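Asks:
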Amino acid sequence: MSCSSNSTPRGCGRRPTRLITLYAKTFPGSDGNAAVRWYRMAANAADQSEDTGVRVWGRGRAAIALGHEGASPGVADILADQA
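Quick note on numbering: the sequence shown equals residues 0 to 82 in numbering that gives the first Met the number 0.
Encoded structure:
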């Protein structure tokens, strides 16, 4: 399976979503804006995968992290609702 620009096979967003989510997790709660920016990129990558499981996982992880760390409770609520 390849991930070309003309197709979006279901597996193509899984790895980028996980890697971007992992990177977003490295930002401390005091830098909530940077974390939110990266979590939104992960959500976009998940959307491109067209895989519901990946989309829910990415948004769920972001909501848990942002809410638990207090970095951005408002964005955490939005992502949790989308998940």
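Every residue, glycine too, gets a C-beta built ideally from N, C-alpha and C. All figures in this text were calculated on a predicted structure; none of them were measured in a lab.
1) Between the C-alpha atoms of Ala-42 and Ala-33, what's the straight-line distance to the nearest angstrom?
2) Let me confirm a value: Ser-71 is counted as buried when at least 16 other C-beta atoms fall within 10 Å, else exposed. Which label applies?
3) Reducing DSSP to helix, strand and coil, say where Asn-5 ends up.
4) Tell me the DSSP secondary structure of Asp-46 in three-state form.
5) Using CA coordinates, which residue listed in Val-35, Thr-20, Met-40 and Ser-29 is at the minimum distance from Asn-73?
Replies: A quick look at the data gives this:
1) A direct Cα-Cα distance of roughly 14 Å separates Ala-42 from Ala-33.
2) buried
3) In this prediction, Asn-5 has a pLDDT of 49, which is less than 50 and means its spatial position is unreliable; nothing more can be read from the coordinates.
4) helix
5) Here residue 73 is Gly; the residue named in the question, Asn, does not match the sequence. The candidate whose alpha carbon is nearest that of Gly-73 is Val-35.
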